[in-house]
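Encoded as structure tokens, the structure appears first; notes follow it.
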Amino acid sequence: MVLGLQGEISDWVVVEFSHPNPSNDDWIGVFSPSGFSSEICQPENCGDLPPLLCTAPIKE
């Protein structure tokens with residue numbers, strides 16, 4: 001998916017991942033927005049809006 005080709009500024013993305021032998025040391029990296037900086041992110045306390053991913057790394 002390439003966001004912005006037709007002027008879009010946001011979109012929902014569903015990511016599914018699996019591994020035949022998962023471990024607690026496995027990491028999935030997620031970065032959003034592409035020019036990611038905590039200084040440009042809105043507060044995560046915006047009512048119905050989902051949280052923005054403005055920090056890294058993220059471990060699940």
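The sequence shown runs contiguously to residue 60 in the UniProt record's numbering. Note that beta-carbon positions come from the ideal geometry of N, C-alpha and C, so glycine has one too.
Taking C-alpha positions only, VAL15 is separated from GLY7 by approximately 23 Å. SER23 and LEU5 have their alpha carbons spaced roughly 38 Å apart.
Taking 8 Å as the upper bound for CB-CB distance, PHE17 and ILE28 are in contact here, some 6 Å apart.
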